[in-house]
Amino acid sequence: MGRRSKYPEEFRQRAAQLVLDSRRSVREVASELGINHETLRNWVTAEKRQRADGPAALSADERMELARLRRKVAELEVEREILKKAAVFFARETGR
């Protein structure tokens with residue numbers, strides 16, 4: 001998990017939108033805003049991804065939570081299969 005940004009989310013979005021909507025270079029806008037051009041480039045990439053995905057897209061936190069929940073579901077399914085096999089085994093043992 002990355003560290004928290006020292007820039008507010010709205011500032012990051014607006015800076016990226018400025019690059020995408022104004023046809024100005026990343027370096028030019030970064031210099032004007034007083035931020036590192038690589039930082040702005042990352043924000044622009046994220047904004048492009050967001051625009052491509054549309055408004056219904058998941059945020060980064062939601063994607064991480066979804067991945068965690070999928071891992072948990074897979075783990076629980078394995079445990080359930082083990083318990084089913086154990087139940088069959090013990091049913092046979094008590095039937096003898």
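Just so it is clear: in the sequence shown, position 2 is 2 by the UniProt record's numbering, and no numbers are missing.
Cβ atoms here follow ideal geometry from the backbone N, Cα and C, with glycine treated the same way.
Computed from a prediction, not measured in an experiment: that's the story for all the values here.
Item to check | the region 28-35 contacting the region 61-73, beta-carbon criterion three pairs below 8 Å | outcome: Not touching, per the Cβ criterion.
Next on the checklist: Assuming contact is defined by CB atoms lying nearer than 8 Å, are residue 67 and residue 47 in contact in what I supplied?
Outcome noted: Using a Cβ distance threshold of 8 Å, residue 67 and residue 47 do not count as a contacting pair.
Checklist entry - By DSSP, does residue 34 sit in helix, in strand, or in coil? => result Three-state result, residue 34: coil.
Item to check | Where residue 84 sits in the DSSP three-state scheme | outcome: Taken through DSSP and simplified to helix, strand or coil, residue 84 comes out as helix.
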